[in-house]
Structure formats: C-alpha cells, structure tokens
Amino acid sequence: MNKISQLKISVIMLILFILLNTAGCKSEKDQLPNIIIILTDDQGYADLSVYGADDFETPNIDQLAAEGIRFTDFYVSEAVSTSSRASLLTGSLAQRIGLSGIALTPLSMKGLNPEEQTIPSLLKQKDYATAIYGKWHLGSQNEFFPHQHGFDEYVGLPYSNDMWPYTYHGEPITDGYRTNYPPLYVYEDTVPTQEITSLNDQSKLTGLYTEKAVSFINKNKDKPFFLYVPHSMPHTPIAASEKFKGTSQQGEYGDVIQEIDWSVGKIMNALKANNIDEQTLVIFVSDNGPWMNFGNHAGSADPLREGKGSMWEGGCRVPCVMRWPGEIPAGKVIEQMAASVDLLPTIAQLTETKLAGNEIDGLSIVPYLLGEDADTIRNHYAYYYGGQLQAVRKNDWKLYFPHKYRSYEGVEPGMDGTPGNYNFKTCGIELYNLKDDISETRILNEQYPQIVEELSQLADSFRIILGDRLNGQLGTNNREPGRLGFKKEQIEHLAIGKIPSLENKYNNKYSAGGEKALTDGKAGSLDLFDDRWMGFQGDDVIATLNMDKESDISEIKCNFLRNQNSWVFLPKSMTIEISMDGANFNEIFSEKFDSEIENKEAKILTVGKTGLDFKAQYIRITAKNIGPCPAWHPGFGNDAWLFVDEIVVR
Ligand SMILES: [Ca+2]
Ligand SMILES: [Ca+2]
114 MNKISQLKIS
124 VIMLILFILL
134 NTAGCKSEKD
144 QLPNIIIILT
154 DDQGYADLSV
164 YGADDFETPN
174 IDQLAAEGIR
184 FTDFYVSEAV
194 STSSRASLLT
204 GSLAQRIGLS
214 GIALTPLSMK
224 GLNPEEQTIP
234 SLLKQKDYAT
244 AIYGKWHLGS
254 QNEFFPHQHG
264 FDEYVGLPYS
274 NDMWPYTYHG
284 EPITDGYRTN
294 YPPLYVYEDT
304 VPTQEITSLN
314 DQSKLTGLYT
324 EKAVSFINKN
334 KDKPFFLYVP
344 HSMPHTPIAA
354 SEKFKGTSQQ
364 GEYGDVIQEI
374 DWSVGKIMNA
384 LKANNIDEQT
394 LVIFVSDNGP
404 WMNFGNHAGS
414 ADPLREGKGS
424 MWEGGCRVPC
434 VMRWPGEIPA
444 GKVIEQMAAS
454 VDLLPTIAQL
464 TETKLAGNEI
474 DGLSIVPYLL
484 GEDADTIRNH
494 YAYYYGGQLQ
504 AVRKNDWKLY
514 FPHKYRSYEG
524 VEPGMDGTPG
534 NYNFKTCGIE
544 LYNLKDDISE
554 TRILNEQYPQ
564 IVEELSQLAD
574 SFRIILGDRL
584 NGQLGTNNRE
594 PGRLGFKKEQ
604 IEHLAIGKIP
614 SLENKYNNKY
624 SAGGEKALTD
634 GKAGSLDLFD
644 DRWMGFQGDD
654 VIATLNMDKE
664 SDISEIKCNF
674 LRNQNSWVFL
684 PKSMTIEISM
694 DGANFNEIFS
704 EKFDSEIENK
714 EAKILTVGKT
724 GLDFKAQYIR
734 ITAKNIGPCP
744 AWHPGFGNDA
754 WLFVDEIVVR
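Take the sequence shown: its letters are residues 114 to 763, numbered as in the working numbering.
As structure tokens, then:
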C-alpha cells in the first residue's frame, strides 16, 4: 500500500471514529433533563449547614452543594411569598407582572395571569410530565389554580399555612382578621380534601409532599418531568412530624429544617433508585428570608441585615444550590449574582424550548451550570417591594431610595410560636458596598458620589419601564395579573381626556398615574392594586371637570370601591354639581350611604344619575370620606381610605 492510500484510510478511519463518537454523545445529549425545584418557605440565608447553620444539620442538602453549585448571591424578586413564587415560575420580576409586594390571602381577587408563560407551561412544548406538591400561593380561585399554568398534578395548600381560622398555636380564632378566613384544605387538583385544623395536621405536610414527589418520580422515570416541591414549612406555624420532634439542638425550627432535609434525601434516593439522577437537575432554594419576629420559631439570615418583608439583603438573598452530576461541576461556589427570575430562561436553554416572547427579567445562567468560563452574567438587580423601587444593585454596590420598611431591629422577637412586634423604620438614600460590608452597616454616599449618580440612573431606567410607587410613576411595560372583575375594554364617554382638577391630593401609593386616570375610559376592578383606582387617605374626593364647552349631559356617574379588610370604605355621601362658568355651581344629585356598617364583601359601587337633561360646562363631584375607621374595625381611629375610579359623563 502506498503512502497516499495509507493516508486515505487513516483519514477515513478518523472521520468514522469522530462520527461514531459524536453520534454517541448526541444520543446522550438528546435525553431531556428532568427538572426538580424544591422551594422552602421563609428559610433564612444561614439555615443550611453549608451556609453556616450550626445548631441543626442538613447533610442531604449540603451534599447537593458538594456535588454541584452553591450560590452566595442568589436573589428572589421580593421578600414575600406570592411575589417571589410568581417570579420563580415566570422569569419576571413580580413588579412586571402585577404581583408586587403580595402574600395573597384566601380573600384576594387576583392571581398569576394564566397568559404568563411558566416553567411547566414552557416544558409542555417537550411533553414533560409536570407536578406541584406543596404551597401554590398564586391565586386560590379556580381561574388561577396550578392546572391553568401548565401543571398536570397538584396536591397541596393553596396559600400559606397560617391562612386558616386558627392561631399560631392551632387554637380557633375568636377575633381579628383571620376570622374572615375559610377553612384551610389540602387540595388534590381542584378538589379540597383534608382540612388542616391543628398543628398535628400541619406536621404531616412535609411528609405528604415528599410521598407524592417520590411516587411522581417513580411513575415518570421513563419520560422527562418537571417536579416542583414548594414546602409549606418552615413558614409559621411550624410543626415537625413525630419522627423529627426533638432531633435538633435548635428546637422545633431546627427539627422542621431537618425534616425538609430528610425529604430532599428521599427525593435524591428515588432518583438514584430509578437510575435517573445523572439526567436530573435539582435546584434547592428558599422563597424569602426568615420571619424573625417569631424568634426561636424563625431562622437566621446571618450575616445579612433584616429578614422577610424588607429588601435589605436578609429579606431577599437566599440559600440556593443546584446539582446535576456530569454537567454541573462538583463543589463549585458562584459568587456572582443570580436570581430566581433566571430559572425560566435557563431551563428554556437547557431543554431547547421556546420563550413566549414577552419581556422577562431573567437571564440564562447556563454557563455557570456547565462550568464554562463565564463572565458575569448579571451585573445589576432591581429590588422592588410593594410596587416601590426600594434599591438597585450594580456589581458590588447597592443604593437605597428613601422609603419606610418593616424592621426586626430594636424589638423583642416572639417565642415558641407567638409572634413579636415589628419595628417600622425609614431609610434614606444610602449606598453600601456589599463585598466589603455584607451586613450593610456603612453608608458610603459621601465617599462615592459618582456611584450614587450611576446607580440613580440605573434606577431611573427601571422606573420608566416598571414604575415606582415611591414617586407615583407608572411603568410602560407592566403586565396585568389575573384579576376578578377586570374589564379590558374601554368605556366610551364624553369626559375621556378631560383631566379633572382635584382639591385634595391622592396618596402616591394609589396614584393610578395621576388625575387623567379618572377619565381615561378604564374602570377599576375588585383588586385595589390594579393601578386604576385613585386612593385618598382620610381625605374627600373633590373633582372638577371642565368639558371645554357647554355640553348636553344626560348621565353622570362615578365608581367607588369597598374593601373594608384593606381599610377601603365607600363614601359617606356623594354629590354632583354643575356649572356654566366654573364659579357658580348647582347641586343636581346627592346621596348618603351607610358606609361605616361592617360588610367584608369587596364591591364596586356605581353612584350617579341617568336620564338627565342639562347643559353645563363644569361638573363637580364631591365624595366624602368617612374619616377615621369605625369602632368595630381593626383600624379604629386611623384614616379610612376612599377609592375612586372612572367618572363617566354622557
Ligand atoms: Ca415565604
Ligand atoms: Ca380610570
């Protein structure tokens, strides 16, 4: 054989070798990964051994970290349950999708909009089996339940485990807002099954979710699946099952965490027993920081400042570990920022599924997962809470904007299940360096004015697109959550575009974007946060419309909201006056209401008159606030709110 023939054969063999091996790799890669997200409720940054816990042990979760990645700077969108969960599933800040600052109650009139793409609805493109076993908390009406969002199976609580007509000690409630709550049930799909009426019932939830998760894994071992296990624990009232009571040095909270760790071990064992742990990405993360006024029944965010309910680092920076052997490098620590909003785009990339095309806030962190030499993927973050842009982070710098927040500092925490009080504090413009000062103790505005300026500009860019209740600004790119009683369609009437002048200023928290909202043809829904209602705290609504010219008027009416649980009362009276010259007004309508009577049903009241036959250029509407909340109400003596939207003139 001559040299050329030998060379040809070698080349052919080399090509064959490459082809065979690539083909081998390909079939392995073609296997879609299973995805498991285990989410805990109110577990603090320090509440795993691998994050520094020392009076309880979490060997199974620590092992995920040892065999995978541990994140030091992992953020949830907000330090409250519904908002955090909405972001985890949709890749969007809660502020973007209308669920900012919320722990939905059984009485809430909204939920996650079924039009939003979620991780399970994304994975349905590849025919994943999908299930949630645990706390949902994205809307407890059928319209918003898990099966509307891509889940095949659901067993769990529709909202938090303390949203029941019992105390934190499991005794029936006799007064306070919880008396309004319906019985708490474990749901199976859409059907309420077992009622939770005691701490003993609560102690079985972790075991129940685990059992369901394991049987789902066994059942779906031969096809790709998405399993979401959002534990009800360690949200108070905490309860560990008999087997775990007294097992940790810390006490009941430690016992509960150790039971969650056991649950993670059971899930990992199921994966290994089915020989699928190498094709499964397991993510363990908490939904927000610890509820520290519960003292020994809460966890710790050490060394971070504050906890659940504020956007100091202790509220929104959480423990997060991810394991995927053979793909994720073992024992890696990622110190760059990442966030729960990043999960959806990351999973989309891993599974080659298509994002819906709506704007989202998440970024794919696949390079971190595959151990690639990644540059920083996320160099900034917006800390919204309750519609307020409270802070922004860029690289190591975090800048706060003036706001009030709920604090755990300077108050005695509660003990053994009884909550302590909160402190309420005010924050100014405050710049911190999180790298040198992880506990946020040294304000550096004066030393670094140019960084204050730079981060202020970053904040402005968020305010434009997502709004900011701190200054009454509405965003251009926010989307609606699912709302009951929400009407998309425009109401046509003569006053559209005629901007009323107001004698009293509305409260910026409920600005609706300013005066023009009252005559924009869009009416407020049953949800008082819908950015359509204008809210007046303790003040009357006195609105004057100039129709620009003498106009024939047959109808004038106006909507008010009642939501006494949220301190929103109907007006005590409403009058309508008209005028030709804007100086001399004639009353044409007046009505009084028994607004102070207790009625907890949310309602929209339309008041006014039809069948009129007047000519007028000016219209004045006066709605009287009831003033202080009445004696029977928890807000007794404090300002009541009056909510108005859409003055309709025909
Ligand atoms: Ca929570
Ligand atoms: Ca309106």
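Glycine residues also receive a C-beta, built at the ideal position from the N, C-alpha and C atoms.
query                                                                                                                             : result
DSSP beta-bridge partners of Ala495                                                                                               : Val505
Residue from Tyr158, Lys358, Met381 and Glu419 with nearest C-alpha to Asn331                                                     : Met381
Under the three-state DSSP convention, the category Thr589 falls into                                                             : coil
Touch test, the stretch 604-615 against the stretch 675-689, Cβ-Cβ under 8 Å, three pairs minimum                                 : no
Residues that DSSP places opposite Tyr513 in a beta bridge                                                                        : Ala504 and Glu543
Same chain, Cβ closer than 6 Å to Ile551, neighbours up to 5 away in sequence not counted                                         : Pro416
Alpha carbon of His260 to alpha carbon of Glu266, nearest angstrom                                                                : 7 Å
Glu700, enclosing beta strand (DSSP E) - first and last residue                                                                   : Asn699 to Lys705
Backbone CA spacing between Gly137 and Pro562 [nearest angstrom]                                                                  : Here Gly137 scores only 37 on pLDDT, less than 50, and its place in the model should not be relied on; the value that follows carries that caveat. Computed Cα separation, rounded: 57 Å.
Per-residue burial, Leu201 [other beta carbons within 10 Å of its own, 16 or more giving buried]                                  : buried
Contacts around Lys142, its chain only, beta-carbon distance under 6 Å, and the 5 residues preceding and following it disregarded : Low confidence applies here, because Lys142 scores a pLDDT of 42, under 50, leaving its location unreliable and the question unanswered by this model.
Option in Lys223, His262, Ser686 and Pro219 with minimal Cα separation from Ile232                                                : His262
Same chain, Cβ closer than 6 Å to Glu759, five either side skipped, listed in chain order                                         : Ala636 and Asn672
Cβ shell of Asp390 (< 6 Å), same chain only, five flanking positions each side left out                                           : Leu384
Contact set for Asn699: own chain, Cβ-Cβ below 8 Å, skip 5 residues either direction                                              : Glu690, Ile691 and Ser692
The beta strand (DSSP E) enclosing Val369, as first and last residue numbers                                                      : Premise fails: Val369 lies in the alpha helix (DSSP H), Glu365 to Ala386, not in any beta strand (DSSP E).
Close-in-space but distant-in-sequence residues of the same chain around Gly181 (CB under 7 Å, 5 per side omitted)                : Val434, Met435, Arg436, Trp437, Ile441 and Ala443
Cβ shell of Pro427 (< 6 Å), same chain only, five flanking positions each side left out                                           : The residue you asked about is not Pro; residue 427 is Gly in the sequence shown. Excluding sequence neighbours, Gly427 sits near Gly402, Ala414, Leu417, Arg418, Glu419 and Gly420.
Beta-carbon proximity list for Lys716, same chain, < 7 Å, skipping 5 on both sides                                                : Arg675
Between the CA atoms of Gly320 and Ala352 - distance to the nearest angstrom                                                      : 11 Å
Simplified DSSP assignment, three categories, for Thr218                                                                          : coil
Asp633 beta carbon less than 8 Å from that of Asn738                                                                              : no
Option in Thr243, Gly408 and Glu191 with minimal Cα separation from Ser205                                                        : Glu191
Closer than 7 Å: Asp643 CB and nearest ligand 2 heavy atom                                                                        : no
By C-beta, the residues closer than 5 Å to any heavy atom of ligand 1, given in chain order                                       : Asp154, Asp155, Ser194, Asp400 and Asn401
Inter-residue spacing [alpha-carbon to alpha-carbon] between Gly610 and Gly541                                                    : 37 Å
Backbone secondary structure at Asp265 - three-state DSSP                                                                         : coil
Reduced DSSP secondary structure (H/G/I, E/B, other) of Ile182                                                                    : strand
Which residues DSSP lists as bridging Ile666, in chain order                                                                      : Phe727
Any non-hydrogen atom of ligand 2 within 7 Å of Ala630 CB                                                                         : yes
Sufficient close CB pairs (3 or more, under 8 Å) joining the stretch 220-235 to the stretch 169-181                               : no
Beta strand (DSSP E) segment containing Cys764, residue limits                                                                    : Nothing about residue 764 can be read from this structure; the chain reaches only from 114 to 763.
Glu605 Cβ short of 7 Å to ligand 2 heavy atom set                                                                                 : no
For Glu711 and Ile577, the rounded distance between their alpha carbons                                                           : 40 Å
Per-residue DSSP class, three states only, for Gly137                                                                             : Residue confidence for Gly137 is low, a pLDDT of 37 falling below 50, so the modelled location carries little weight; the figure read from the coordinates is stated next. It is helical.
For Lys445, the three-state DSSP class (helix, strand or coil)                                                                    : strand
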